[in-house]
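In order, the protein sequences belong to chains R and C.
Each residue of the first sequence is one higher than the last, beginning at 97 in our numbering.
Each residue of the second sequence is one higher than the last, beginning at 344 in our numbering.
Positions of the beta carbon are idealized from the N, C-alpha and C atoms, including for glycine.
None of these values were measured; they are calculated from a predicted model.
Worksheet: one structure, shown below.
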Amino acid sequence: DAEITQSPRHKITETGRQVTLACHQTWNHNNMFWYRQDLGHGLRLIHYSYGVQDTNKGEVSDGYSVSRSNTEDLPLTLESAASSQTSVYFCASSESTGFGYTFGSGTRLTVV
Amino acid sequence: GQNIDQPTEMTATEGAIVQINCTYQTSGFNGLFWYQQHAGEAPTFLSYNVLDGLEEKGRFSSFLSRSKGYSYLLLKELQMKDSASYLCAVRGATSGTYKYIFGTGTRLKVLA
């Protein structure tokens, strides 16, 4: 069965460290997205991609980067982790028709 | 600006009907989505409206009025398992746009 997986599920890191969160989907979807979810803010878009070699900034992209070298993967990198980046991160994918997202299970990141 | 408003919390009794409202102001409109999210889990797709009117799907229905920037999700015959957050999301109308803006979600508690 097709799926979208995120790893790790939980991570604790120190301020200033570089961290990469993985997202892998086997739906063969062109569109992939990274959101963060915080109390009182809902889901906020960090970065997104509409295909290989395409990346775009979302509303809260500062301090984050992504790369899209193949259809299946969109890793999210925190260049220098800050306590404000403690959050739950969700990866999602969708078909080019844009009908609905399929979400990964999320990564809970704590920056200490 | 772009804004999506939902009530923060609602409480209802098992077996009852509950209506969760969503109002939006976005730059363009190309579809409204409702997602269900249980605590500690990923959001899952519930419904999609792009034209005015009511879409029914079992115990769940969703209504859209584009002229009023308004939608609601109707849950009938409430069950305990319906206790979750319900997220309203809007997709903008820019050509080739597949990204959504999410509301902060409505936390629904179903009481026995």
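Going by DSSP in three states, residue i sits in which element: helix, strand or coil?
i: Gln149 of chain R; result: coil
i: Asp134 of chain R; result: strand
i: Lys419 of chain C; result: coil
i: Lys400 of chain C; result: strand
i: Lys411 of chain C; result: coil
Check this for me: beta carbons of residue i and residue j, under 8 Å apart or not?
i: Leu407 of chain C; j: Leu375 of chain C; result: yes
i: Tyr185 of chain R; j: Gly202 of chain R; result: yes
i: Leu389 of chain C; j: Trp377 of chain C; result: yes
i: Leu430 of chain C; j: Gly448 of chain C; result: yes
i: Glu398 of chain C; j: Asn392 of chain C; result: yes
i: Ala188 of chain R; j: Tyr131 of chain R; result: yes
i: Thr366 of chain C; j: Asp348 of chain C; result: yes
i: Gly446 of chain C; j: Gly371 of chain C; result: no
i: Gln133 of chain R; j: Ser180 of chain R; result: no
i: Leu121 of chain R; j: Glu168 of chain R; result: The residue asked about is misnamed: residue 121 of chain R is Gln in this sequence, not Leu. A contact, by the Cβ cut-off of 8 Å.
i: Leu170 of chain R; j: Ser145 of chain R; result: yes
i: Leu174 of chain R; j: His143 of chain R; result: no
i: Arg450 of chain C; j: Thr356 of chain C; result: no
i: Gln362 of chain C; j: Tyr413 of chain C; result: no
i: Gly154 of chain R; j: Leu135 of chain R; result: no
i: Arg204 of chain R; j: His137 of chain R; result: no
To which residues does DSSP link residue i through a beta bridge?
i: Ala98 of chain R; result: Partner(s): none; Ala98 of chain R has no beta bridge.
i: Ser103 of chain R; result: R:Ala118
i: Thr111 of chain R; result: Thr111 of chain R is not bridged to any residue.
i: Ala432 of chain C; result: C:Phe376 and C:Phe445
i: Tyr367 of chain C; result: C:Ile347
i: Phe388 of chain C; result: C:Tyr378
i: Val453 of chain C; result: C:Ala355
i: Leu141 of chain R; result: R:Tyr131
i: Ser190 of chain R; result: R:Asn127
For residue i, does the count of other Cβ atoms within 10 angstroms reach 16, so buried, or fall short, so exposed?
i: Ala382 of chain C; result: exposed
i: Arg113 of chain R; result: exposed
i: Ile360 of chain C; result: exposed
i: Asp97 of chain R; result: exposed
i: Met128 of chain R; result: buried
i: Asn126 of chain R; result: buried
i: Asp150 of chain R; result: exposed
i: Ser165 of chain R; result: exposed
i: Gly358 of chain C; result: exposed
i: Ser428 of chain C; result: buried
i: Lys442 of chain C; result: buried
i: Ser176 of chain R; result: exposed
i: Ile108 of chain R; result: exposed
i: Gly396 of chain C; result: exposed
i: Thr198 of chain R; result: buried
i: Gln345 of chain C; result: exposed
i: Ser405 of chain C; result: buried
i: Pro386 of chain C; result: buried
i: Gln380 of chain C; result: buried
i: Gly147 of chain R; result: exposed
Compare the C-beta of residue i against all C-beta atoms of chain D and say whether one is closer than 8 Å.
i: Tyr415 of chain C; result: Structure shown: chain D not included; protein chains present are R and C.
- request: Write down every uninterrupted run of the beta strand (DSSP E) in the segment 143-187 of chain R whose length is 3 residues or greater and which is fully enclosed by it, in chain order.
  value: 150-153, 160-162 and 172-174
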